[in-house]
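Numbering (my numbering), first residue to last: 9 to 146.
Where is the CB? At the ideal position from N, CA and C, for every residue including glycine.
On a predicted model such as this, the values are computed, not experimentally measured, just so you know.
Below is one structure, written out as structure tokens, with a few remarks after it.
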Amino acid sequence: MVTLQDLKELRYLQGEITALAEREREIVHRMTYAASVPAAARVKGDDGRTGEERYRDALEQVQESLCQRRLALAEKEAAVTAYIGSVPDSLLRQILTLRFVDGHSWTAVAHRIGGGNTEESVKKAFYRFWAQEIRTRQ
């Protein structure tokens, strides 16, 4: 079930997903060049593994953790996006998309929709819609 907080966080989710993907690329790059560690790091430790192997394992764990976080965020983004797409009213879908997906201010939403809409009218339309959503969920 999508909440108002989920809608408000959507724009930030998109940014976080992008940042995590960049971090993953950085980790892959570091793993690619892990072989260039100094020879001293290739000496086997008590566990029979080299410093290079331990380093690569640690990077793989970081990569896996980032990947899991990115997947969880992408699933949340998909759920919110699907919710917006399921709204039957075209005007409200536009309001939701412009405000929560694209991150526009209420003034910009009204301007983009046009038709004499004002900041107050699109904001009111959304909050009336949202109040109705809450009532139908109960």
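query	result
Cβ neighbour criterion (16 or more within 10 Å) applied to R107	buried
Beta-carbon proximity of V117 to V109, cut-off 8 Å	no
Unbroken alpha helix (DSSP H) run spanning F108, endpoints	From DSSP, F108 is part of no alpha helix (DSSP H); its letter is neither H nor E.
K84 - containing alpha helix (DSSP H), residue span	59–94
Outcome for I35 when other beta-carbon atoms lying within 10 angstroms are tallied against a minimum of 16	buried
Status (buried if at least 16 other CB within 10 Å, exposed otherwise) for L12	exposed
Ordered list of alpha helix (DSSP H) runs contained in the segment 14–44, each at least 4 residues	none
Extent of the continuous alpha helix (DSSP H) to which T144 belongs	127–145
Beta-carbon spacing of Q83, Q22 below 8 Å	Inspection of the sequence shows that residue 83 is occupied by Glu rather than by Gln. Result no, Cβ atoms of E83 and Q22 do not sit closer than 8 Å.
Sub-8 Å separation of W79 and A133 beta-carbons	The question names Trp, but residue 79 in the sequence shown is Leu. Not closer than 8 Å, so no.
Cβ shell of R120 (< 7 Å), same chain only, five flanking positions each side left out	L106, H112
Rounded separation between D65 and E32 - CA only	14 Å
8 Å Cβ shell around G53 - same chain, five flanking residues per side excluded	G59, R62
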